[in-house]
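Start counting the sequence shown at 222; every next residue gets the next number (my numbering).
C-beta atoms are modelled at their ideal positions from N, C-alpha and C, and glycine is treated no differently.
Only a predicted model underlies this, so the values are computations on that prediction, with no experimental measurement involved.
Here's the structure we're looking at; comments come further down.
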Amino acid sequence: MCVASFISTEGPTPISNDDVWCVIPVYNNSATVKQVALACRGQGFPVLVVDDGSTDVPVADLLADTAIPVVTHGENRGKGSAILTALSYVKEKQGRFMITIDGDGQHNPADLERFIPALRNDPASIVIGCRNMDVDNVSGSSKFGRSFSNFWLQIETGLAIPDTQSGFRAYPVEYLAQLKLKGRRYDFEVEVLARAVWAGLRVQSVDVSVWYPPKKERVSSFHPFKDNARISLTHTRLITRRLMPWPIKKLVRHPRVISLYRSPGKFFRMLLSEHVSPLELGAAAVVGTFIAVLPIFGLHTVVIIFVATRLNLNRVMAVAIQNLCAPPFVPLLCIQIGHFLRYANWLTEPSRKTLFHQGHLRLLEWALGAVFLAPMLAILVGLLVFALSSAYATLFFNENAKK
222 MCVASFISTE GPTPISNDDV WCVIPVYNNS ATVKQVALAC RGQGFPVLVV
272 DDGSTDVPVA DLLADTAIPV VTHGENRGKG SAILTALSYV KEKQGRFMIT
322 IDGDGQHNPA DLERFIPALR NDPASIVIGC RNMDVDNVSG SSKFGRSFSN
372 FWLQIETGLA IPDTQSGFRA YPVEYLAQLK LKGRRYDFEV EVLARAVWAG
422 LRVQSVDVSV WYPPKKERVS SFHPFKDNAR ISLTHTRLIT RRLMPWPIKK
472 LVRHPRVISL YRSPGKFFRM LLSEHVSPLE LGAAAVVGTF IAVLPIFGLH
522 TVVIIFVATR LNLNRVMAVA IQNLCAPPFV PLLCIQIGHF LRYANWLTEP
572 SRKTLFHQGH LRLLEWALGA VFLAPMLAIL VGLLVFALSS AYATLFFNEN
622 AKK
């Protein structure tokens, strides 16, 4: 079940169906696209179809008797490119919003109306149609892909978005046109959410139905290896950008909620309660442990807080877990590993002379050992924190259920 978060501070914004264009990016879906397009128009919305270089039939010919506009790409450019082409068209027609719906028939055009109340309550938002995946013919890889994408988007934005891979979503034209996006294929739908949130847009979710045909009847342009590689690279790029210290341009500004100086009590209660799912605590433990192993004297806490904040992780867990790596054990272990990597033997006489008087040598070995030890120890501690917090959450739930 997906939860819709309608946020309004100034009352509903008037929106008519003419303000909202239904956009159908299509690639080789000749068996279903006409039915989908006519059903969308039947809901009272203007419809645009973008043929992204289909090779089965010319979509413009297929829809010639419907008077539904079709924009055609001469070659396949990707779903993101098709959406951006639609954006230019809708903007020229002075449309305020566009709702994208796949042309393969998986989504029900009757659900288009579900997006309108969300847009009225917060027009500066992206509204995602959250699919019910507990239906027939949903593959395990699809469920995993959604969970994987949800997790990384939460790291990148701090938001728990229930269905980051749904192609059934509403975009505000004015703001989408201002986002600088690099993705042009399926990676577009991941990138646009992260950059929209960074720019100050909110994300809402509404429940929608979904139908998956049997595997033999399914037509999909998603290439598991190439598209998953693109999406993974996009997440890597987004995480890297998130860690950069310079600010990101805001298109929509919201008041800061809690200030350390004005409300210190509320601020620290927020720190203790934010991002506390077992997975989020485990991720915070991974980051805190990894940084704590590195030889950055006196800067561990500062760096951990910075990285945890930028990646929307639990700062209390990330800072607290570094105590597991406090001197002398972990630094000595790093030095031993680094010494072995350099000389193929262990430092058999760790003493004041070998550790301090030869400090310049030990520092290099500490760095080498830390590069080797940090990822392994971080993953081990993260898994342990995840397991313990999961067990505690289950116990807490069962005790409350008995009450």
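Identify, in the order they occur along the chain, each residue of the same chain with its Cβ nearer than 7 Å to the Cβ of residue i, setting aside the five sequence neighbours on each side.
i    : result
L598 : T510, V514
A595 : F511, V514, L515
S387 : I349, G350, C351, R352
Rounded to whole angstroms, what is the Cα-Cα separation between residue i and residue j?
i    : j    : result
D273 : V394 : 20 Å
V271 : F446 : 25 Å
W242 : F593 : 53 Å
I347 : R536 : 28 Å
N249 : K401 : 28 Å
L609 : D240 : 50 Å
W373 : H456 : 7 Å
Q557 : F550 : 11 Å
L520 : R583 : 19 Å
V291 : G301 : 17 Å
C351 : R463 : 26 Å
L589 : A506 : 22 Å
I289 : T253 : 15 Å
A258 : V431 : 16 Å
L554 : I600 : 17 Å
I512 : I542 : 10 Å
D332 : P338 : 12 Å
W567 : A591 : 16 Å
V524 : I460 : 16 Å
Y433 : N449 : 20 Å
E313 : Q399 : 15 Å
L500 : L545 : 20 Å
P468 : R405 : 25 Å
L532 : D286 : 51 Å
F326 : A260 : The question names Phe, but residue 326 in the sequence shown is Gly. Their backbone Cα atoms lie some 10 Å apart in a straight line.
A614 : S360 : 28 Å
V602 : A504 : 10 Å
D547 : T522 : For clarity, residue 547 is Ala in the given sequence; the question names Asp instead. Taking the straight line from one Cα to the other gives about 12 Å.
Excluding five sequence neighbours on each side, which residues of the same chain lie with their C-beta closer than 8 Å to the C-beta of residue i?
i    : result
V311 : W242, V244, L269, M319, V394
S251 : S275, D277, V278, V280, L283
R474 : G421
I452 : S370, Y407, D408, V411
Among the options, which has the Cα closest to the Cα of residue i?
i    : options                : result
V508 : S610, A539, E501, F518 : A539
P429 : M354, A281, C546, F365 : Rather than Pro, the amino acid found at residue 429 in this sequence is Val. V429 has its Cα closest to that of M354, out of M354, A281, C546, F365.
A612 : L502, A288, V278       : L502
L305 : S498, K471, P246, I289 : P246
T308 : D325, A381, A391       : Looking at the sequence itself, residue 308 is Leu, so the reference to Thr does not match. L308 has its Cα closest to that of A391, out of D325, A381, A391.
L284 : G324, I600, P552       : G324
N238 : V424, P279, G316       : G316
L454 : L397, S370, P330       : S370
K255 : I236, P330, A614, T234 : P330
G379 : P466, R416, G404       : R416
S498 : I469, L472, L534, M465 : L534
E586 : M465, P552, A614, K314 : P552
A345 : L472, A547, T522, S387 : L472
P235 : T615, D286, T522, L340 : L340
R423 : R458, K403, A381, S387 : A381
R458 : H444, P466, K470, K403 : K403
Which residues in the same chain have their Cβ closer than 6 Å to the Cβ of residue i, if we skip the five residues on either side of it in sequence?
i    : result
R335 : V427
H328 : I322, F389
R262 : V268
Assign residue i to buried or exposed, taking buried as 16 or more other Cβ atoms, counted over all protein chains shown, within 10 Å of its Cβ.
i    : result
I376 : buried
L481 : With a pLDDT of 43 at L481, under the threshold of 50, the modelled position of that residue is not reliable, and the figure given next carries that caveat. Under this definition L481 is an exposed residue.
L414 : buried
F607 : buried
T385 : buried
W419 : buried
L397 : buried
L604 : exposed
F518 : exposed
S368 : exposed
V478 : In this prediction, V478 has a pLDDT of 48, which is less than 50 and means its spatial position is unreliable; what the coordinates show is noted afterwards. Burial call: exposed.
N342 : buried
I349 : buried
V356 : exposed
G559 : buried
Measuring only between beta-carbons, confirm whether residue i sits less than 8 Å from chain C.
i    : result
L604 : No chain C is present in this structure, which holds just one protein chain.
Should the segment 558 to 569 be called in touch with the segment 526 to 543, which here means at least 3 C-beta pairs below 8 Å?
The segment 558 to 569 makes no contact with the segment 526 to 543, as fewer than three CB pairs between them are under 8 Å.
May I ask you to verify whether the segment 281 to 299 touches the segment 361 to 374, counting CB pairs closer than 8 Å and requiring at least 3?
The segment 281 to 299 vs the segment 361 to 374: no contact.
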